[in-house]
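The numbering used here runs 1242 ahead of the 1-based position in the sequence shown.
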Amino acid sequence: MLSNLFRKKSIESIQSQYDEQQKSGQGLHRILGVRDLTFLGIAAVIGAGIFSTIGGAAYNGGPGITILFILTAITCGFSALCYAEFASRVPVAGSAYTYSYVTFGELVAWIIGWALILEYAIGNMVVAISWSGYFNNLLVHIFNIHLPGWLLIDPETATAAYLESSKALTDTASAAVDPSKWESYKYAVASYEQAPSLMGYKIFFNLPALCIVLLVTWLSYIGIKESKQSANAMVIFKIGVILFVIIAGAFFVDTNNWQPFLPNGFEGVLKGVSAVFYAYIGFDAISTTAEECKNPKRDMPRGMIYSLLICTVLYILITLVLTGMERYDRFEGVNDPLAFVFEKRAPWIEKIISVSAIIATTSVLLVFQIGQPRIWMSMSRDGLLPKKFQQVHPRYQTPAFATIVTGIFIGLGAMLIRSGLVTDLTSIGTLFAFVLVSAGVLLLPRVKPEPGKFSLPYINGKWIIPVLFGLLIFLFKERLATILELILGGQGSSVTLVQYLFLIYVAIGTLLTILTFVRRYSLIPIMGVLSCMYLMIEIPAISWIWFLCWMAGGLLIYFLYGYRHSRLAVK
1243 MLSNLFRKKS IESIQSQYDE QQKSGQGLHR ILGVRDLTFL GIAAVIGAGI FSTIGGAAYN
1303 GGPGITILFI LTAITCGFSA LCYAEFASRV PVAGSAYTYS YVTFGELVAW IIGWALILEY
1363 AIGNMVVAIS WSGYFNNLLV HIFNIHLPGW LLIDPETATA AYLESSKALT DTASAAVDPS
1423 KWESYKYAVA SYEQAPSLMG YKIFFNLPAL CIVLLVTWLS YIGIKESKQS ANAMVIFKIG
1483 VILFVIIAGA FFVDTNNWQP FLPNGFEGVL KGVSAVFYAY IGFDAISTTA EECKNPKRDM
1543 PRGMIYSLLI CTVLYILITL VLTGMERYDR FEGVNDPLAF VFEKRAPWIE KIISVSAIIA
1603 TTSVLLVFQI GQPRIWMSMS RDGLLPKKFQ QVHPRYQTPA FATIVTGIFI GLGAMLIRSG
1663 LVTDLTSIGT LFAFVLVSAG VLLLPRVKPE PGKFSLPYIN GKWIIPVLFG LLIFLFKERL
1723 ATILELILGG QGSSVTLVQY LFLIYVAIGT LLTILTFVRR YSLIPIMGVL SCMYLMIEIP
1783 AISWIWFLCW MAGGLLIYFL YGYRHSRLAV K
């Protein structure tokens, strides 16, 4: 049984299976070029991150947060190059799932596919809820339209807000609070009391979030051509707005705000790791559209790399402008930093930014909504999910059933889940995929470079990796010493999950360093593994617990269904 768990698909068998589906009319519509792929990457990357989480990162790291954007871009760059290598050899849908099937085997492929479903699902739910907030602000401040409060929030958040507000309004000591806060308390109570009831329960749901999910699901369903045209138009608009913000904001920059450059030291910069990495999530979604590319072996790598470079430049420029317009400490608790810096300087720009935020998050939703059904389609083709998930619409040539299921699943979640759901789960799933793709490149057989086809450059890491990893251990020697002291002193129960993860990271890093020295592994994939693994261990422990629970559920489904129905199962 153990050998069956790690049965692999060859690149030749994947290509043969794909050719059969093309002949039978079950293939997808090839229409995407380099520009379309680059725009899809930008559409997925530039969204809620730059319009929200960048504010908290700037507060913790000050102007020095630009360093973190560069470091994160380099980390993503290592993974992007490894994705590009796989995309040039395995030009079919499935992203990291298909790549892992080739290099690690079926069980690992299932695990990574299940992690990608988590990434796209949770990510899209959170983005849809964020879109709802931007949309409601637009209705109120520009069109003076006020939707009922019970149509804008999930049940759990509404109930919690009602209880807190009711207590505050009856507490005489609360009368001295800020007037705006007092109004928010009254609004929460009024919204709860005005909400309709069903069988004694108050009804609350996020209607705008549901509507936008249904809209992008429809665009994904009717065809990749319509989806790419919509995404391209939205990307052109939001890039134009971001460039406008950079140019307009440059006139308000006070260089004194860039001093000190690292107000909270490098530790303050590192506090923004999760927020900054979340701003980069999405470029890997391009790889799910491989079967819809005109020339995937050439265009897919270029699209990934171009989109990552463009987004990095825009992020660095916008961060410098934001921290130059306002001191870093003024971004505390600011969820709309781009609008915040223009609020008093140029209110009309603030309204433009609000519109752009809606379009930016819509494009993110669209790309992820395109990506997830294609992951399910690939898993279904391999027999790990029911055949219905691989059904391709005869007219639109899209994975019809998987797209509908995705829309229902994401729509219900966005409508009803708690709005404060953390984005760390999305980051874990993404980083896990990056680690396996980077490691998988090491297991690919070497081939001669072909003209017009991407080939990952080989850089001998024999000496570079030991030096860099040794430097990392030196920088974190106190952290490592503290953990070892607790364990050796018989206080292992005092060691936290995150500390254990750091210890595991050091052990794996040491092993990879030794293997790189002995076997002369290539620098780029090893750096991809080490850098992404480090970002993973910096994510809070509670998110790791939920991630492991999700993985356990996925393994249960695999052993109950996927293992027995796999196309590679021994007859």
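All C-beta atoms, glycine included, are put in the ideal place defined by N, C-alpha and C.
- Message: Tell me which residue opens and which closes the alpha helix (DSSP H) that Q1741 is part of.
- Response: 1739-1761
- Where does the unbroken alpha helix (DSSP H) through E1534 begin, and where does it stop? It is not in any alpha helix (DSSP H) - E1534 carries neither H nor E in the DSSP assignment.
- Task: Assign Q1639 to one of two classes, buried (16 or more other C-beta atoms within 10 Å of its C-beta) or exposed (fewer than that).
- Result: buried
- Item | Selected residue, minimal CA-CA separation from G1482, among I1552, T1497, Y1522, I1387 | I1552
- Message: Once DSSP output is grouped into helix, strand and coil, what is the label at V1634?
- Response: strand
- Item | K1428 to L1405 span [Cα, whole Å] | 12 Å
- For Y1196, the residue or residues it bridges with in DSSP: No statement about residue 1196 is possible, as the shown extent of the chain runs from 1243 to 1813 and does not include it.
- Task: Per DSSP, which residues does L1282 bridge with? Please list them.
- Result: In DSSP, L1282 forms no bridge with anything.
- Message: Do S1605 and V1477 have their beta-carbon atoms positioned less than 8 Å apart in this structure?
- Response: yes
- Message: If contacts are defined as beta-carbon pairs under 8 Å, then G1703 and L1743 qualify, I think. What distance do you get, rounded to the angstrom?
- Response: G1703 to L1743, Cβ: 24 Å. No contact.
- Compare the C-alpha of G1804 against each of Q1733, I1707, R1272, I1353 and name the closest. I1353
- Query: With a Cβ-Cβ cutoff of 8 Å, do A1430 and A1403 count as a contact?
  - Reply: yes
- Task: Output the distance between the C-alpha atoms of H1807 and L1626, rounded to the nearest integer angstrom.
- Result: 6 Å
- Under the rule that 16 or more other beta-carbon atoms within 10 Å means buried, what is S1462, buried or exposed? buried
- Leaving out five residues on either side along the sequence, give the residues of the same chain with a beta carbon under 6 Å from the beta carbon of F1584. I1591, E1592
- Item | Endpoints, alpha helix (DSSP H) assigned at F1346 | Where F1346 is concerned, there is no enclosing alpha helix (DSSP H), given that its DSSP letter is neither H nor E.
- Message: Using CA atoms only, rank isn't needed, just tell me which of A1451, I1273, A1675 is closest to D1541.
- Response: I1273
- Query: How many Å lie between C1535 and L1559 at the Cα?
  - Reply: 31 Å
- Cβ neighbour criterion (16 or more within 10 Å) applied to F1493: exposed
- Looking at C-alpha atoms only, which residue of A1300, A1285, T1401 is the closest neighbour of V1609? A1285
- Local conformation of N1386 per DSSP, three classes: coil
- Euclidean distance between Cα positions of F1219 and R1761: Because the chain here runs from 1243 to 1813, residue 1219 falls outside it and cannot be looked at.
- Tell me whether the beta-carbon of G1796 lies closer than 8 Å to the beta-carbon of F1573. no
- Message: With H, G and I counted as helix, E and B as strand and the rest as coil, what does DSSP make of L1667?
- Response: helix
- Task: Entirely within the region 1692-1724 and at least 4 residues each: give me those alpha helix (DSSP H) ranges in chain order.
- Result: 1706-1717
- Message: Does V1458 pass the burial test, meaning 16 or more other C-beta atoms within 10 Å, or should it be called exposed?
- Response: buried
- Item | Cβ-Cβ separation, M1367 to I1659 (assumed contact under 8 Å), whole Å | 6 Å
- Nearest-angstrom beta carbon gap, I1750 and M1775 [assumed within contact, 8 Å]: 7 Å
- Query: How about F1789 and S1321: do their beta carbons lie closer than 8 Å?
  - Reply: no
- Quick one: Cα of L1827 to Cα of T1561, how far? The structure shown does not extend to residue 1827, since the chain spans only 1243 to 1813, so no value can be given for it.
- Item | Contact check, I1768 vs T1758, beta carbons under 8 Å | yes
- Message: Can you tell me whether P1641 is helix, strand or coil according to DSSP?
- Response: strand
- Mind checking which residues open and close the alpha helix (DSSP H) that includes W1392? Looking at the DSSP string, W1392 is not in any alpha helix (DSSP H), and its letter there is neither H nor E.
- Message: Considering only their Cβ atoms, is the gap separating T1672 from I1523 smaller than 8 Å?
- Response: yes
- Quick one, are the C-beta atoms of I1528 and G1355 less than 8 Å apart? no
- Query: Can you tell which of L1556, P1589, K1480 has the C-alpha that lies nearest to the C-alpha of S1598?
  - Reply: K1480
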